[in-house]
Amino acid sequence: MEANAGLVAGSHNRNELVVIRRDGESGPRPLQHLSGQVCQICGDDVGLTVDGDLFVACNECAFPICRTCYEYERREGNQVCPQCKTRFKRLKGCPRVPGDEEEDDVDDLEHEFEWGDDHDSQYMAEAMLHGHMSYGRQGYINNPHVAHPLPQDPLLTNGEMVDDIPPEHHALVPSFMGGGGKRIHPLPFPDSNIPAQPRSMDPSKDLAAYGYGSVAWKERMESWKQKQEKLQMDRSNGGDKVWDNNDDESDLPLMDEARQPLSRKLPFPSSKINPYRMIILIRLVVAGFFFHYRITNPAKDAYPLWLISVICEIWFAVSWILDQFPKWLPIERETYLDRLSLRYEKEGQPSQLASIDIYVSTVDPMKEPPLITANTVLSILAVDYPVEKVSCYVSDDGAAMLTFEALSETSEFAKKWVPFCKKFNIDPRAPEWYFQQKMDYLKDKVHPSFVKERRAMKREYEEFKVRINALVAKAQKVPEEGWTIQDGTPWPGNNVRDHPGMIQVFLGQSGGYDIDGNELPRLVYVSREKRPGFNHHKKAGAMNSLVRVSAVLTNAPYLLNVDCDHYFNNSKAIREAMCFMMDPLIGKRACYVQFPQRFDGIDRHDRYANRNVVFFDINMKGLDGIQGPIYVGTGCVFRRQALYGTDAPKKKKPPNRTCNCWPKCCCCCCCPGGRKKKAAKAKQEKKRSSSKIAENGAPAYALEGIKEENGTEKPYTTAEQKLEKKFGQSPVFVASTLLENGRTLKGATPASLLTEAIHVISCGYEDKTDWGKEIGWIYGSVTEDILTGFKMHCHGWRSIYCVPSRAAFKGSAPLNLSDRLHQVLRWALGSVEIFLSKHCPLWYGYGGGLKWLERMSYINATIYPWTSIPLLAYCTLPAVCLLTGKFITPELSNVASLWFLSLFICIFATGILEMKWSGVGIDDWWRNEQFWVIGGVSAHLFAVFQGLLKVLAGIDTNFTVTSKAGDDEDFSELYTFKWTTLLIPPTTLLIVNFVGVVAGISNAINNGYESWGPLFGKLFFSFWVIVHLYPFLKGLVGRQNRTPTIVIVWSILLASIFSLLWVRIDPFLPKSDGPLLEECGLDCN
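Per our numbering, residue 17 is the first one in the sequence shown, and the count goes up by one each step.
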């Protein structure tokens, strides 16, 4: 993809495409401008060899032919040069064909068999692509073997010829309709009169033509056997002896190390985990006896209080079970980055590591500062991974020119920052946090010029910050006529809700080089089309647009998504994920690798549990031992095919251990219908699997023929139509889904790829497709992350939790309580939406590959907001008991006291043992318990009612994006309070419980020492509520008593109304129907 093509904006539905070039460029340049020679057969770039030289197919006349056409001519054609008619010789890295046996000067056994199923799928995908792209698109591809640049003729504007407008401002309108007819998708071959050529093996050819049975193959097998025998003899004779320095044997230990697994599980020691499991079972038994006592011994003088308390306690017990048992099998994992390099990065050869597309999503640059996004992008471009394997896509869902200009500045600064990071191997590679870290930056640095270059780079970064700040200051006031680009062209995204799709390649293969001349990773700006009347599905829709754009442009087999404020804290994070994804043992069944979220800028006490340490270090490790962690929305590496809704590959069953000593005739005699039933069953399974593969977008060779029930073979277009109905009406994207290994299509020009990229981000592309239902990020909830991971696990995939020693990613978290509660409200509302949808784990996904303990964790993730109702009632009970003098239990006997005491001991023991095996500190554990109560009586409660209104009444709630940055002063926003209705319920609870404590103590003082005994239980109950709400109380008071007055007024008003109403009604006061008796003053005795 070319980086100098300019901003490409357009709308597929309106049949328009505009190319806006950068300031200073003259004349319309073709988008197909390539750096090297152009192939005279297909029009693609000739490319380079494995050694980095220009690829030359014919050594006689140097006729420019790319490697793909060269291999195709040798394999399928007449094997001669089109110009000089000289027979093509076998070049390094090319497969052997008949006639190469006499050419012994070139031999490459390592790539001998690399054209098999992969080339078949590539061939079929390209054939399908040419069939689509050659129909009705004269401006781009009329012939799959001829490349056409963009038209240079004067263009029309409003039906008139305009000569005084600069060419770079014209609208380029591709002819999609091809003669005004309806768009029809033909056969996957350019001419329907030309039959499709079968790809079966020619029986007249020797098997050596396909690699099998050749002399080179036999020699290679003999050499391998000799090395294995020698290695076995050396191991048996002297196990730990030093290896000889023989050249033939020097690579044997290296090969042995490269064959080792890339990762391994590390179960927790039994001395830590077995007591934990034992106390869970004991607690379960004690809870059973506790509820038996509570149900069989009601408080007769306070029956309503007793009934409410028992219902709440039963709900808490169910929630505890759903949360506790998914932690039954916690594990940790260890990766081996050195083995990954030994296996896939051999010296002197191109890297065999898989490509990866990285997504960065942003919406509002005023709430997500461009400097934060720029640091995230810089850390991605400087990651420790082969640059040709990395592509960064930035999704601007707000179509903000500020984000576009900031990204342009970032791409220029990256040319200086990336070589500095790689030269001195620094971490983190986000400049803002690298220069802010309070540590000895000279540690382990031995380069003499490091200090000098670091100072110069810090100055460069400060100048870069000034430029970004200037852009932010300029964007504060929007001009009346809207924003314009430097050359005077109006910004296409001036109307945020009505604008075309936009794509700009900032860094790419032909324009992305740093100051040292080294290539940089690709950087692409994407803003999807938005029109009124369309449901754009917020973040989930933006992520699905990125999936399609990246498939068209780069089509990496793996994807990584991060929020705009989550930067790479560990430059080797991608390698950590590839140790799982590319591991031949576990990688094929892994749908994603989830990293924990770590945060910067949180105060030491973490008052509002922003770090979520208990969830990421306890719950997620427990899920990793079952079927894998849930997807948390950021810091996750996906397998692209898993996002396409495919089922996980099934495990091969071991062979049955049966006796084979009986002759076949006996089996036939004993079971006359057995063989027929087995054959029929096998045929049915084959038919079922083939149809399933066709629907799930499997490789192209699986779609070559689908048989009907009568045995006739359907045309290829039937499966093609299914794919288009599933993935959408883009031939390039549909063809890319057939390439499992993530290769790019060779038969399309850069111009056509950009046109298709604009097509796949159009607002109506997903209509009547499976996007958001079975493919990509799933729609239907504001927490699309939980729903997307849940669907993958239902397809039988498993996920992996990777916790490297150095945190992979770090982000920013909301500091003040108001923002934190709104964040928790959004998460809880998403869970309520899932609970009320068809995807609820209680009834969805049975019969798939979801394990029952994993299902319990998903059920817990969707019903936890409903716990707010019993929690609010339970936290109100202490105040009611203190005000009325009643209690939720009758007077306790010795046996009852034993059960109460045992339950409390089990609760504390569970927490202590959990902290012991997980390594979580007691302060983090306690903060999590406190915020569970704070969030439960505020954000979760509002989420339940808002979710019911949204699902049942259709009343939607709009959420504001959480602020990603604070003031200059450290933790300045920690004490900032903003008005929100979420603050009223916990404030009311605090006031009511304080009033109850004062009333209870006053009543005990007035009634004497006998009333102090029952008072202690009520006071303990009330203090339990106050202690859990203490962080809220501390934040409410604030550093300078900045609590909003309206919060105090409303809370006191509600508490007063509740207290007066209770005194007036007093349901526990015994009523008498007889006459009112008073003392008369006379002594009757």
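Glycine residues also receive a C-beta, built at the ideal position from the N, C-alpha and C atoms.
Residue environment, residue i, which counts as buried when at least 16 other CB atoms sit within 10 Å
i	result
I938	exposed
N577	buried
K742	buried
W868	exposed
A1111	This structure does not reach residue 1111, given that the chain is present from 17 up to 1101, and the question cannot be answered.
L23	buried
M237	exposed
L33	buried
Span of the alpha helix (DSSP H), counted from its first residue to its last, around residue i
i	result
Y874	868–879
T351	Premise fails: T351 lies in the beta strand (DSSP E), 347–351, not in any alpha helix (DSSP H).
D835	833–851
S286	286–312
S909	First-last for S909: undefined, no H or E at that position.
S884	884–900
G952	938–952
D801	800–810
D339	319–340
F436	417–440
F958	955–964
Y660	From DSSP, Y660 is part of no alpha helix (DSSP H); its letter is neither H nor E.
Y88	83–92
Span of the beta strand (DSSP E) around residue i
i	result
I791	That residue, I791, is in no beta strand (DSSP E); it is neither H nor E in DSSP.
I372	372–378
P283	279–283
F522	517–523
C607	606–610
A25	23–27
V9	The first residue shown for the chain is 17 and the last is 1101, placing residue 9 beyond what the model contains.
V406	406–412
Y817	814–817
Nearest candidate by alpha-carbon position, reference residue i, set the options
i	options	result
V1011	P1001, S1038, I295, W1028	S1038
R836	P1047, K1034, P906	P1047
P366	S357, I372, I374, D373	S357
I885	I36, K108, S325, I311	S325
C856	N876, G865, R293	N876
S424	I484, F451, H463, A446	I484
A664	C595, W813, M518, D579	W813
V540	G780, L523, W948	L523
A390	F480, L569, W948, D373	F480
A1015	H553, T900, K966, V960	T900
R943	V406, A73, D622, P447	D622
P1030	K459, I1042, I1017	I1017
K1050	L321, I950, F1032	I950
A925	K108, V848, C100, L297	L297
I388	R299, G846, W843, D581	D581
R359	C595, K241, S815, F79	C595
E545	G109, K1034, E782, L887	E782
A25	P277, V521, D801, C897	V521
Same chain, Cβ closer than 6 Å to residue i, five either side skipped, listed in chain order
i	result
S411	S377, V542, A558, L562
D940	V629
M417	W499, W507
Beta-carbon contacts of residue i that lie in its chain and below 7 Å, excluding the five residues immediately before and after
i	result
R83	G63, F71
N586	D443, P820, R822, A823, A824
Same chain, Cβ closer than 8 Å to residue i, neighbours up to 5 away in sequence not counted
i	result
G115	Q95, R103
L1120	This structure cannot speak to residue 1120, because the chain is shown only from 17 to 1101.
K454	none
W1040	P894
F749	R564, A567, V568, F743, E772, V776
P1002	I950, V953, S954, L1045, F1048
Checklist entry - Which parts of the stretch 568–652 are runs of the alpha helix (DSSP H), unbroken and 4 residues or longer, counting only runs that do not cross its ends? => result Here the runs fully enclosed are 589–597, 636–640.
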